[in-house]
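As structure tokens, the structure follows; a few thoughts come after it.
Number of protein chains: 2
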Amino acid sequence: MTDRDDSVETIQQEMTAFARRARATAARMHPELSLVSYTLLAHLDDQQGCRATDLAAHYLLDKSTVSRQIAALEKLGFVERRVDPDDHRVQVLHPTEEGAQVLANVTASRRQAFHERLADWDEADLDRFAAYLVRYNAAQERLG
Amino acid sequence: MTDRDDSVETIQQEMTAFARRARATAARMHPELSLVSYTLLAHLDDQQGCRATDLAAHYLLDKSTVSRQIAALEKLGFVERRVDPDDHRVQVLHPTEEGAQVLANVTASRRQAFHERLADWDEADLDRFAAYLVRYNAAQERLG
DNA sequence: CAATCCACGTTGTACTATACAACTACTTCA
DNA sequence: TGAAGTAGTTGTATAGTACAACGTGGATTG
Numbered sequence: 381m382t383d384r385d386d387s388v389e390t391i392q393q394e395m396t397a398f399a400r401r402a403r404a405t406a407a408r409m410h411p412e413l414s415l416v417s418y419t420l421l422a423h424l425d426d427q428q429g430c431r432a433t434d435l436a437a438h439y440l441l442d443k444s445t446v447s448r449q450i451a452a453l454e455k456l457g458f459v460e461r462r463v464d465p466d467d468h469r470v471q472v473l474h475p476t477e478e479g480a481q482v483l484a485n486v487t488a489s490r491r492q493a494f495h496e497r498l499a500d501w502d503e504a505d506l507d508r509f510a511a512y513l514v515r516y517n518a519a520q521e522r523l524g
Numbered sequence: 381m382t383d384r385d386d387s388v389e390t391i392q393q394e395m396t397a398f399a400r401r402a403r404a405t406a407a408r409m410h411p412e413l414s415l416v417s418y419t420l421l422a423h424l425d426d427q428q429g430c431r432a433t434d435l436a437a438h439y440l441l442d443k444s445t446v447s448r449q450i451a452a453l454e455k456l457g458f459v460e461r462r463v464d465p466d467d468h469r470v471q472v473l474h475p476t477e478e479g480a481q482v483l484a485n486v487t488a489s490r491r492q493a494f495h496e497r498l499a500d501w502d503e504a505d506l507d508r509f510a511a512y513l514v515r516y517n518a519a520q521e522r523l524g
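So the sequence lines, in the order shown, correspond to chains A and B.
Each residue of the first sequence is one higher than the one before, counting from 381 in the working numbering.
Each residue of the second sequence is one higher than the one before, counting from 381 in the working numbering.
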């Protein structure tokens with residue numbers, strides 16, 4: 381086993397451990413908005429509205445999954461649909477005001493949790509860690 | 381927004397993106413052993429056997445969840461139970477030979493996938509990234 | 001322009017992971 | 001020895017997910 385292998389092994393283990401915990405942690409912290417709902421709503425907010433198909437492509441989810449997630453968010457009053465006048469098949473999705481508000485709350489609370497976890501990190505480490513994660517995820521997207 | 385905030389924001393986004401994808405990716409790569417089954421079986425292998433309660437405590441899962449996961453692994457022939465002679469409530473769980481073999485295969489294949497993703501990283505970066513992940517996860521465990 | 005094909009979304013169905021509560025069986029301890 | 005605690009299972013419910021079948025509405029092409 382080389383040092384390189386050791387590092388890769390650790391990265392694998394830690395990423396796996398994190399992935400296992402993430403949903404449950406998110407659910408405990410934000411019962412009002414699951415991790416998936418949160419990311420979908422955040423994407424709508426970020427993109428100033430988009431189609432269900434775009435969400436499915438972006439998050440590698442089946443369109444039926446997105447359809448149901450959006451239906452749930454709509455039922456909660458967090459998302460509204462606007463039929464595209466140029467193509468009646470298309471529904472452009474937007475956060476409602478209430479949805480934007482809830483999103484902002486959850487975002488703030490998540491941000492605070494991350495700040496707490498990272499409180500004793502110095503800025504150089506934070507910066508490098510952030511860059512590594514970006515690089516890792518980019519590679520994962522590239523390689524599937 | 382300070383640089384520090386920017387870094388934390390990026391870390392949050394990237395960890396979230398990773399968490400969202402992890403299960404589906406694992407399931408695609410290893411239909412024979414889900415991420416959860418994999419980690420449970422790996423823990424049994426690593427610990428040379430342990431109790432269901434230990435697994436539940438270690439992975440913050442409900443004992444009923446572990447019970448069902450183990451039942452599934454047993455049905456697949458990957459895990460066997462040995463009743464503790466000193467305490468008839470306790471079942472010590474062990475991977476079977478076949479379970480150990482499947483685990484080894486999945487581990488090898490996961491390891492290879494990680495090596496591919498990280499192929500163009502130099503060793504210093506790998507080492508730092510591994511250390512950051514360990515540090516991050518430790519903080520998360522500490523703070524819930 | 002009609003027939004065909006394609007894109008968008010919904011619904012039926014099924015499965016996995018999960019939690020909580022109620023239960024059984026066993027152990028420990030006062 | 002009886003009460004309390006521990007290990008594990010089972011009943012029930014929920015969330016998230018995929019795949020397949022479908023309906024509807026645009027786009028293309030002979």
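Don't be surprised by glycine CBs; every beta carbon is placed ideally from N, CA and C.
Span separating the alpha-carbon of residue i from that of residue j
{"i": "B:Asp442", "j": "B:Ala436", "result": "6 Å"}
{"i": "A:Leu440", "j": "B:Arg462", "result": "42 Å"}
{"i": "A:Thr487", "j": "A:Thr476", "result": "16 Å"}
{"i": "B:Val514", "j": "B:Leu421", "result": "21 Å"}
{"i": "B:Thr433", "j": "B:Ile450", "result": "11 Å"}
{"i": "B:Leu498", "j": "A:Lys455", "result": "42 Å"}
{"i": "B:His423", "j": "B:Gly429", "result": "8 Å"}
{"i": "B:Asp386", "j": "A:Phe494", "result": "12 Å"}
{"i": "A:Asp502", "j": "A:Ala402", "result": "24 Å"}
{"i": "A:Thr405", "j": "B:Ala518", "result": "14 Å"}
{"i": "A:Gln393", "j": "A:Asp464", "result": "46 Å"}
Helix, strand or coil at residue i according to DSSP, with G and I counted as helix
{"i": "B:His495", "result": "helix"}
{"i": "B:Val472", "result": "strand"}
{"i": "A:Asp383", "result": "helix"}
{"i": "B:Leu413", "result": "coil"}
{"i": "A:Asp500", "result": "coil"}
Rounded distance between the beta-carbons of residue j and residue i, thought under 8 Å
{"i": "A:Met395", "j": "B:Phe398", "result": "7 Å"}
{"i": "B:Asp425", "j": "B:Ala511", "result": "At roughly 25 Å, the Cβ-Cβ gap does not stay under 8 Å, so B:Asp425 and B:Ala511 are not in contact."}
{"i": "B:His438", "j": "B:Glu460", "result": "In fact, because the Cβ distance is near 20 Å, the residues do not count as touching under 8 Å."}
{"i": "A:Arg431", "j": "A:Val472", "result": "6 Å"}
{"i": "B:Leu453", "j": "B:Ser417", "result": "6 Å"}
{"i": "B:Val482", "j": "B:Glu412", "result": "6 Å"}
{"i": "B:Thr419", "j": "A:Arg400", "result": "6 Å"}
{"i": "A:Leu506", "j": "B:Arg384", "result": "6 Å"}
{"i": "B:Arg491", "j": "A:Val388", "result": "7 Å"}
Handout entry: Contact list for the segment 504-521 of chain B against chain A, Cβ threshold 9 Å
Key = Asp505, Leu506, Asp507, Arg508, Phe509, Ala510, Ala511, Tyr512, Leu513, Val514, Arg515, Tyr516, Asn517, Ala519, Gln520 and Glu521
Exercise for the section: Using a Cβ-Cβ cut-off of less than 7 Å, give me the residues of the segment 425-458 of chain A that come near chain B, in sequence order. Expected result: Tyr439 and Leu440
Problem - Segments assigned alpha helix (DSSP H), at least 4 residues, entirely inside the segment 425-467 of chain B - result: 432-439 and 443-455
Practice task
Using a Cβ-Cβ cut-off of less than 9 Å, list which residues of the segment 383-397 of chain A approach chain B; keep chain order.
Solution key: Asp383, Arg384, Asp385, Asp386, Ser387, Val388, Glu389, Thr390, Ile391, Gln392, Gln393, Glu394, Met395, Thr396 and Ala397
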